[in-house]
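> In the numbering used here, the protein residues as written are 2 to 431.
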Amino acid sequence: MKKKSQLMLMGAALSAVALVASGCTNAGDGASGDQVTLVVWDYYGSASPIVAAVPEFEKTHSNIKIKVEPLDWDSMLDKFPVAVSSGAAPDLATLDMTWLPTFASGGLLTELDEVSNGAINGQALSEVYNEGALNAMKYEGKYVAALYDFDAYCLYYRSDILQEKGLSVPTTWAEMLETAKAMAEDTNGDGNADKYAMQILPDSFHFAQYLNQNGGSFLNSDWTEAKFNDAAGVGALEYMKQLLAAGGIYWGPDQGDSTGMPGIKDERIGMFVNGPYMMGVIKDGAPEQSGKWAIAPAPEGKQQGSYLGGTGLAIPTGAKHADAAWEFLQFLLEPENQELLFTVAGAAPATIAGIERPALTAPDPYFGGQSPFEYFEEAMSTATPFPYVAQWDDIDSRVSEALEGALLGASTVQDALDGAAKPVNSELSK
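1. List the residues that DSSP assigns as beta-bridge partners of proline 71.
2. Give me the residue from Met381, Val414, Gly420 with the minimum Cα distance to isoleucine 435.
3. Taking all protein chains shown into account, decide if lysine 321 is buried (16 or more other Cβ within 10 angstroms of its Cβ) or exposed.
4. Given this structure, state the Cα-to-Cα distance separating lysine 5 from arginine 399, to the nearest angstrom.
5. Do the segment 279-291 and the segment 356-364 touch if we need at least three Cβ pairs shorter than 8 Å?
6. Suppose the cutoff is 7 Å on Cβ atoms and the five residues either side in sequence are ignored; what does the same chain contact list for histidine 207 look like?
7. Pull up the distance between the alpha-carbon of alanine 22 and that of leucine 113, whole angstroms please.
8. Based on the DSSP secondary-structure assignment, which residues constitute the bridge partners of threonine 95?
9. My assumption, with CB atoms under 8 Å, is that alanine 391 sits in contact with proline 102. Please give the rounded CB distance.
10. Tell me the rounded alpha-carbon separation between threonine 172 and tryptophan 100.
11. May I have a chain-ordered list of the alpha helix (DSSP H) segments no shorter than 4 residues that lie completely inside the segment 247-274?
12. Glutamate 301: which of Thr383, Lys293, Thr352 sits nearest, CA to CA?
13. Can you list, in chain order, the residues of its chain with a C-beta nearer than 7 Å to that of tyrosine 154? Leave out the 5 residues immediately preceding and following it.
14. For glutamate 328, count neighbouring C-beta atoms within 10 Å of its own C-beta (all shown protein chains included) and say buried if the count is 16 or more, exposed if not.
15. Can you tell me where the beta strand (DSSP E) with glutamine 305 in it begins and where it stops?
16. Helix, strand or coil: which one does DSSP assign to tryptophan 100?
17. Taking the alpha carbon of phenylalanine 58 as the reference point, which residue from Phe368, Asp187, Leu333 has its own alpha carbon closest?
18. Touch check for the segment 104-122 and the segment 231-245: three-plus C-beta pairs under 8 Å?
19. Tell me the rounded alpha-carbon separation between isoleucine 316 and alanine 346.
20. Mapping the DSSP letters down to three states, classify proline 82 as helix, strand or coil.
21. Does the segment 246-255 come close enough to the segment 176-196 that 3 or more CB-CB pairs lie under 8 Å?
22. Would you call lysine 166 buried or exposed, if buried means 16 or more other Cβ atoms sit within 10 Å of its Cβ?
23. Return the chain-ordered list of same chain residues with a C-beta closer than 6 Å to the C-beta of alanine 32, the five sequence neighbours on each side being excluded.
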């Protein structure tokens, strides 16, 4: 998803940020009674929980008018750094958490410590978020975004097929291999699973799942050197290869739809690991499979762990109405407005109170009467965000290329990861 042209444009914009960084906030805005128009850049699209929250906010904040400007994911990534560097920043923006390293390192984001005093809606941050979320919101020890929705991974599986075949839900890596092998079918006799297979994706998001569970990490503790090619990283990728051979289906860029929805609908895919947003994707894409899917904690390796991502609410450097933006940001994080993330957008609220709202705890008939969000909340508590370094996009690309080469047999696991680590180390040393 990362585009080199976007990154080049961003780099040029970051070099100019220092010219507009001074005097970046307006204390005398809507928070003190002045009439203001708050500009919000929003990448949620037509199903926007932010747009849904605006009318109620404006009822209780008559001096603040919200102007929501929709941008798609790519446009936000392109335009945000340019707008901030040119003095045309919005007051609040939704940002993918994977962008924080680049944006924060370039001085594009206001440190929320300056406006929050360690609290949101009168509650300490530690009462609003769990530890995994708090870690994801920091860059160099400072909070630069408030997590709005989150992404952490659990196991999706066809419960009807497991029951039909007398299989138990796997809880460990070893059990997962056995279950994948017993569940998958080769209907055309070509030696490859083509029905009820375990989806294997060659991307950093899913590699992070196995890497974290194997006790590994992408970089060393001070983020100066690659670590994904050590024993833990090699073991994680070897396990992905074992899953693929046992009863997996490779789902790479050539398949087009990264969610795997075509394979889910035609039943090539019977198990996969992914985040809570996939619940809505499956419901919309395969309504006829209602009652056939279930969710469980991801099978554990040496430890439990997951990739952690999501959407952050950020106040850009240079925001004209930072105080009013903070008022609206806090409003969006109130429990009833966090619930809108699920009811309007199908996303998972990031706050502790938000994920405990009625709409998220009610039994879901599509998933056999489960309340699946409890599993995702548990996953978030042990999840780890990507390293917050400015070079992350290049690291992401290098790792994804290595995964693809190793999983398709173009190189050994060790050679593939070593080949990625070398240029990563060179970039990190600059």
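The beta-carbon is built from N, C-alpha and C at its ideal position, and this holds for glycine as well. As the structure is a computational prediction, the values presented were derived from the model and not from experiment.
Quick look at the numbers:
1. Taking the first residue of the sequence shown as position 1, residue 71 is located at position 70. Note: proline 71 sits in a beta bridge opposite Asp43.
2. Coverage of the chain is limited to positions 2 through 431, which leaves residue 435 absent and any answer about it impossible.
3. Counted from its first residue, the sequence shown places residue 321 at position 320. By the 10 Å Cβ count, lysine 321 comes out buried.
4. As a position in the sequence shown, residue 5 is number 4, starting the count at 1. As a position in the sequence shown, residue 399 is number 398, starting the count at 1. Note that lysine 5 scores a pLDDT of 34, beneath 50, so its modelled location is shaky; the value from the coordinates is reported in the next line. Approximately 13 Å between the Cα atoms of the pair.
5. Contact check between the segment 279-291 and the segment 356-364: fewer than three CB pairs, one atom from each, fall below 8 Å, which does not count as touching.
6. Reading the sequence shown from its first residue, position 206 is the one you call residue 207. For histidine 207, where only same-chain residues beyond five positions count, the Cβ hits under 7 Å are Val274.
7. Residue mapping note: residue 22 aligns to position 21 of the sequence shown, counting from 1. Residue mapping note: residue 113 aligns to position 112 of the sequence shown, counting from 1. With a pLDDT of 39 at alanine 22, under the threshold of 50, the predicted position of this residue should be treated as unreliable, and no value is reported.
8. Numbered from 1 along the sequence shown, position 94 holds the residue referred to as residue 95. Paired residue(s): Leu314.
9. Position 390 of the sequence shown, counted from the first residue, corresponds to residue 391. Position 101 of the sequence shown, counted from the first residue, corresponds to residue 102. Indeed, because the Cβ distance is near 6 Å, the residues count as touching under 8 Å.
10. For this step, residue 172 is matched to residue 171 along the sequence shown. For this step, residue 100 is matched to residue 99 along the sequence shown. Going by C-alpha positions, threonine 172 is about 33 Å away from tryptophan 100.
11. Counting only runs of 4 or more residues that sit fully inside the segment 247-274, the alpha helix (DSSP H) segments are 262-266, in chain order.
12. Here residue 301 is taken as the residue at index 300 of the sequence shown, counted from 1. Cα-wise, what sits closest to glutamate 301 is Thr383.
13. Taking the first residue of the sequence shown as position 1, residue 154 is located at position 153. The beta carbon of tyrosine 154 lies closer than 7 Å to those of Gln210, Val274, Asn275, Gly276, Ala299, Ser307, Tyr308, Ala380 in the same chain, with the five residues before and after it left out.
14. As a working note, residue 328 is residue 327 in the sequence shown. By the Cβ neighbour-count rule, glutamate 328 is buried, with 16 or more other Cβ atoms within 10 Å of its own.
15. Counting from one through the sequence shown, the residue named residue 305 turns up at place 304. Per DSSP, glutamine 305 belongs to no beta strand (DSSP E) and is neither H nor E.
16. If you number the sequence shown from 1, residue 100 lands on position 99. Three-state DSSP puts tryptophan 100 in a helix.
17. What you label residue 58 is simply residue 57 of the sequence shown in a count that begins at 1. Closest by C-alpha distance to phenylalanine 58, out of Phe368, Asp187, Leu333, is Leu333.
18. Flag = no, the segment 104-122 and the segment 231-245 do not touch.
19. The residue given as residue 316 occupies position 315 in the sequence shown. The residue given as residue 346 occupies position 345 in the sequence shown. As the crow flies, the alpha-carbon of isoleucine 316 is around 22 Å from that of alanine 346.
20. Along the sequence shown, read from residue 1 onward, the residue named residue 82 stands at position 81. Helix, per DSSP.
21. Verdict: yes, contact present.
22. In the sequence shown, residue 166 corresponds to position 165, counting from 1. So lysine 166 ends up on the exposed side.
23. Along the sequence shown, read from residue 1 onward, the residue named residue 32 stands at position 31. Confidence is the limiting factor: at alanine 32 the pLDDT is only 49, short of 50, which leaves the residue's position unreliable and the question unanswerable from this model.
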